[in-house]
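The sequence shown: position 127 = 138 (the numbering used here), numbered continuously. Cβ coordinates follow ideal geometry from the N, Cα and C atoms, glycine included.
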Amino acid sequence: MKKPSLRTLNPAKFLKAGPNREARIMATEAKPLPKLNEYPANKIAIALHPKKQVVKVTNIVERASGVKSYTLKATTDTPIAYFSAGQYIVVNLQIGDYLLTRPYSISSSPKQAQVDNEYELTVKRVDGGLASNYILDNWTIGTEVTISAPAGNFTYEPLRDAKTVVGLAGGSGITPFVSLAKAIADGDEDANLMLLYGCATKNDMLFKDELDAICEKCDKVKVVYVLSNDKLEGAEEGFLSAELIKKYAPEGDYSVFICGPQGMYNYLDTQLPLLGLRKKFIRHELFGEYRNPQANADYPECVEKSVKITVVCRGDATTIEADTNDTILVSIEKAGIPAPARCRSGSCGWCRAKLTSGDVYIPKDVDGRKLADYDYGYIHPCCSFPLSDITIEIFKK
Ligand code: FES
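Written out as structure tokens, the structure is:
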């Protein structure tokens with residue numbers, strides 16, 4: 012194949028190319044460009060961020076009453092995507108006519124993904140919950156599941172975080188910390204973890220044996236159990252508080268990572284300011300869907316119980332009935348319309364949609380939109396509630 016001159020091909024780039032460089036380039040063999048997904052960098056990107064992964068349930072462990080861990084293994088020889096401790100994956104579910112996605116933190120180690128080609132998810136039964144209860148009642152060994160690539164930034168970042176992480180976990184919010192503890196013990200993360208794990212009773216504690224075993228073999232991981240409604244030898248009594256954090260945190264800088272139910276965040280909001288930590292040293296993962304917006308003082312009065320949502324996607328419009336108690340995302344899913352979603356807590360931006368008419372209520376504590384989104388009318392349907400008939404445009408990924 013005869014090559015055209017570089018200057019003809021791209022004069023702006025090659026006009027100043029030195030003669031030696033141009034001669035070397037011209038001397039190379041001319042061949043067609045590889046396909047985009049054949050470039051080494053793109054191969055790595057596809058391996059780390061596949062659009063979807065198909066896995067199979069290969070093991071189920073009952074952790075406590077109403078809590079099970081599921082091992083999900085790749086169904087082909089293609090390796091599953093690697094992840095950082097603290098990340099989650101999104102599970103796709105079809106329940107009757109509902110098309111749902113739900114994020115679950117990975118409780119296994121990154122090493123397990125690499126060596127055994129599997130993730131472990133832990134699912135807890137929720138009163139009136141749809142997805143978690145469906146999984147607990149229906150997933151058996153062999154169930155095939157479509158999941159996303161690992162996502163989320165509740166991860167240890169040495170350039171940002173202090174060397175010691177004080178982990179504050181509540182209930183099933185322990186899962187990302189189990190993964191982090193394993194990653195530290197495996198030598199995949201260079202950090203110390205001082206974990207304060209709060210539960211109501213000892214029957215609610217998850218992964219205690221695994222955590223105790225990690226502490227035995229790795230002196231970088233320490234765990235203190237904190238029970239609000241029970242007693243256990245060696246455990247603290249009460250709630251995760253500033254006083255307790257001060258008691259166990261190291262001298263000097265430390266990061267605080269928080270994962271647990273909304274009530275725990277509300278209480279910690281009153282406690283963390285007492286520690287005088289720099290903002291970058293406080294990181295949290297929201298856990299669970301935002302419910303009951305009417306309980307907030309700034310929720311408007313006289314909102315109808317039911318409204319209409321017109322969902323526009325690639326030019327097609329569908330109008331559905333919606334309960335103003337449900338997030339817009341939940342209403343769309345209930346109508347069987349597939350909608351993009353990942354974190355479901357307002358932080359990742361994956362569900363971002365344009366509000367073209369009507370009013371919505373967005374609780375301040377979960378409004379993770381960028382400034383430009385406010386100006387141009389974009390919302391996160393996963394944490395926005397309709398106040399009137401609305402029209403939104405969603406964007407399929
Ligand atoms: S799904 Fe993450 S912001 Fe809505």
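Span separating the alpha-carbon of alanine 34 from that of leucine 44: 20 Å
Relative to the C-alpha of cysteine 313, which candidate in Ser356, Leu398, Asn203 has its C-alpha closest? Leu398
Do proline 304 and proline 374 have their C-beta atoms within less than 9 Å of each other? yes
DSSP-derived helix/strand/coil call for proline 187: helix
Please return the same chain residues whose Cβ sits closer than 7 Å to the Cβ of tyrosine 145, not counting the five positions on each side in sequence. Leu104, Ile106
Which runs of the beta strand (DSSP E) at least 3 residues long sit entirely within the region 99-178? Give them in chain order. 99-106, 109-116, 129-135, 155-158
Neighbourhood of alanine 346 by C-beta, 6 Å cutoff - its chain only, sequence neighbours within 5 removed: Ile331
When burial is assigned at 16 or more other CB atoms within 10 Å of the CB, is methionine 216 buried or exposed? buried
CB of cysteine 354 to nearest heavy atom of the ligand FES: below 8 Å? yes
Kindly examine the ligand MG and report whether one of its heavy atoms sits closer than 8 Å to the Cβ of histidine 391. With respect to the ligand MG, the structure offers nothing, as its ligand set consists of the ligand FES.
Could you tell me whether the Cβ atoms of glycine 193 and alanine 246 are closer together than 9 Å? Inspection of the sequence shows that residue 193 is occupied by lysine rather than by glycine. Not a contact, by the Cβ cut-off of 9 Å.
If I follow the unbroken beta strand (DSSP E) through tyrosine 236, where does it start and stop? 232-238
At the level of alpha carbons, what is the spacing between valine 235 and glutamate 129? 29 Å
In whole angstroms, what is the alpha-carbon distance linking tyrosine 93 and histidine 60? 9 Å
Tell me, please, which residues DSSP counts as bridged to threonine 82. Asn70, Glu131
Confirm, please, whether the CB-CB distance from isoleucine 269 to leucine 191 is below 9 Å. no
Who pairs with histidine 295 in a beta bridge, going by DSSP? Ile269
Does DSSP classify serine 252 as helix, strand or coil? coil
If we call anything under 9 Å between Cβ atoms a contact, is leucine 286 one with isoleucine 256? yes
Cα separation between glutamate 42 and lysine 290? Reading the sequence as shown, one finds lysine at residue 42 and not glutamate. One C-alpha to the other measures close to 53 Å.
Short of 6 Å in beta carbon distance, which residues of its chain neighbour alanine 211, apart from the five on each side in sequence? Order them along the chain. Ser239, Asn240
Given 8 Å, three or more beta-carbon pairs between the region 378-386 and the region 331-340: no
Is it buried or exposed for isoleucine 100, if we count other Cβ within 10 angstroms and need 16 for buried? buried
Cβ of serine 342 within 8 Å of any heavy atom in the ligand FES? no
By a C-beta neighbour count over all protein chains shown, 10 Å radius and 16 as the cutoff for buried, is valine 232 buried or exposed? buried
Please determine whether the Cβ atom of arginine 363 lies at a distance below 8 Å from any heavy atom of the ligand FES. yes
Sub-9 Å separation of isoleucine 343 and valine 322 beta-carbons: yes
Go to leucine 207, then tell me how far its alpha helix (DSSP H) extends in each direction, as first and last residue. Note, leucine 207: premise wrong, no alpha helix (DSSP H); beta strand (DSSP E) at 203-210.
Heavy atom of the ligand FES less than 8 Å from the Cβ of serine 358, yes or no? yes
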